[in-house]
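Residue 1 is where the sequence shown starts when you use full-length UniProt numbering, and the numbers rise one by one after that. Worksheet: the structure to be examined is printed underneath.
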Amino acid sequence: MIANVNKALHYIESKGVHLVSIGPEQIVDGNTKMILGMIWTIILRFCIQDITVEELHAKEGLLLWCQRKTAPYNNVNVQNFHMSWKDGLAFCALIHRHRPELIDYAKLSKDNPIQNLNYAFDVAEKYLDIPKMLDAEGKPISRRGSIVHLTFKNTIMNVLFAFFVC
Numbered sequence: 001m002i003a004n005v006n007k008a009l010h011y012i013e014s015k016g017v018h019l020v021s022i023g024p025e026q027i028v029d030g031n032t033k034m035i036l037g038m039i040w041t042i043i044l045r046f047c048i049q050d051i052t053v054e055e056l057h058a059k060e061g062l063l064l065w066c067q068r069k070t071a072p073y074n075n076v077n078v079q080n081f082h083m084s085w086k087d088g089l090a091f092c093a094l095i096h097r098h099r100p101e102l103i104d105y106a107k108l109s110k111d112n113p114i115q116n117l118n119y120a121f122d123v124a125e126k127y128l129d130i131p132k133m134l135d136a137e138g139k140p141i142s143r144r145g146s147i148v149h150l151t152f153k154n155t156i157m158n159v160l161f162a163f164f165v166c
């Protein structure tokens, strides 16, 4: 089995996907974090890399798209993929924008970031089939380069991509 996975990884790399820190063993062992990271790398290479919005590419185009989708919502001001998402309202706004029946946006408060994040992630998992990769309850969300922040950023990008292709 490892030999087959190794062949698949070599094929992926031959298509210009730069795989970091993942080998066939992690895939065969079912290492979810590594597999999701590899999938995101493939998505970046084949889907997002070629996205353009008003001559912007990839992440800049996705950021502009998020800004436009969330602009009508109170207390949402998306400026980046870090601190603009910390209170959960941008996630909730994106879900509401695409599936308004799933989120009661009017009942959300900027003062409840943990509740908002968990609500958005729970709804995304239950109704949109987006795996819940982070439980916001009790997790620090800051500018510091902690593993929680990196996981949070990765979650943001995965969720946004799922919305972007819808």
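Positions of the beta carbon are idealized from the N, C-alpha and C atoms, including for glycine.
Exercise for review: Determine the burial state of Lys7: buried for a count of at least 16 other Cβ atoms within 10 Å of its Cβ, exposed for fewer.
Suggested key: The sequence position of residue 7 within the sequence shown is 7, counting from 1. With fewer than 16 other Cβ atoms within 10 Å, it is exposed.
Review point. Skipping 5 residues on each side, what residues in its chain have a beta carbon closer than 7 Å to that of Glu13?
Key: Within the sequence shown, the letter at position 13 stands for residue 13. In its chain, beyond the 5 residues on either side, Leu19 have a beta carbon closer than 7 Å to the beta carbon of Glu13.
Check your understanding: Out of curiosity, what's the CA-to-CA distance linking Pro100 and Lys33?
Key -> Here residue 100 refers to the residue found at position 100 of the sequence shown. Here residue 33 refers to the residue found at position 33 of the sequence shown. The straight-line gap from Cα to Cα measures roughly 30 Å.
Practice item. Measure the C-alpha to C-alpha separation of Asn4 and Val17 and round it to an integer number of angstroms. Key: Taking the first residue of the sequence shown as position 1, residue 4 is located at position 4. Taking the first residue of the sequence shown as position 1, residue 17 is located at position 17. The alpha-carbon atoms of Asn4 and Val17 are separated by roughly 18 Å.
Review point. Sorted by chain position, which residues of the same chain lie with C-beta nearer than 7 Å to Pro24's C-beta, five sequence neighbours on each side aside?
Key: Within the sequence shown, the letter at position 24 stands for residue 24. Answer for Pro24: Ile2, Val5, Asn6 and Leu9, listed in chain order.
Review point. Quick one: what does DSSP say Lys7 is sitting in, helix, strand or coil?
Key: Indexing the sequence shown from 1 puts residue 7 at position 7. Helix, per DSSP.
Practice item. State yes or no: is the C-beta of Pro72 nearer than 7 Å to some heavy atom of the ligand COA? Key: Here there are no bound small molecules, and the ligand COA is not part of this structure.
Review point. Does the beta-carbon distance from Leu102 to Tyr127 come in below 8 Å?
Key: Within the sequence shown, numbered from 1, the residue matching residue 102 stands at position 102. Within the sequence shown, numbered from 1, the residue matching residue 127 stands at position 127. Judged by beta-carbon spacing, Tyr127 lies within the 8 Å limit of Leu102, meaning their Cβ atoms are closer than that value.
Check your understanding: What's the call for Gly138, buried or exposed, on a 16-neighbour Cβ count within 10 Å?
Key -> In the sequence shown, counting from the first residue as 1, residue 138 sits at position 138. Bear in mind that the predicted position of Gly138 carries a pLDDT of just 42, short of 50, making it unreliable; the figure below should be weighed with that in mind. When all chains shown are included, Gly138 counts as exposed.
**Study point:** Cβ-based burial, Ala71 [other Cβ within 10 Å; buried from 16]
**Key:** As a first step, residue 71 is located in the sequence shown; it is residue number 71 there, counting from the start. Per the 10 Å Cβ criterion, exposed.
Check your understanding: Which residues in the same chain have their Cβ closer than 7 Å to the Cβ of Lys110, if we skip the five residues on either side of it in sequence?
Key -> For the purposes of this step, residue 110 is taken as the residue at position 110 of the sequence shown. Excluding residues within five positions, the ones whose Cβ falls inside 7 Å are Asn75, Asp87 and Leu89.
Review point. In the structure shown, what three-state DSSP assignment does Arg97 receive?
Key: Working through the sequence shown from its first residue, we reach residue 97 at position 97. When secondary structure is reduced to three states using DSSP, Arg97 falls in the helix class.
Point to revise | Reference Glu60; option with closest CA among Phe46, Gln79, Ile42 and Arg45 | key: One-based indexing of the sequence shown puts residue 60 at position 60. Per the Cα distances, Gln79.
Practice item. Provide the residue span of the alpha helix (DSSP H) that contains residue 181, from first to last. Key: Residue 181 is absent from the model: the chain starts at 1 and stops at 166.
Review point. Exposed or buried, Ile39, counting other C-beta atoms within 10 Å across all chains shown (16 or more means buried)?
Key: One-based indexing of the sequence shown puts residue 39 at position 39. Within a 10 Å sphere around the beta-carbon of Ile39 sit fewer than 16 other beta-carbons, which makes this residue exposed.
Review point. Excluding five sequence neighbours on each side, which residues of the same chain lie with their C-beta closer than 6 Å to the C-beta of Ile22?
Key: As a working note, residue 22 is residue 22 in the sequence shown. Close CB contacts of Ile22 within its chain, under the 6 Å cut and outside five residues either way in sequence, are with Met34 and Met38 (chain order).
Practice item. Give the DSSP-derived three-state secondary structure of Phe81 in the structure shown. Key: As a working note, residue 81 is residue 81 in the sequence shown. Residue state, collapsed to three classes: coil.
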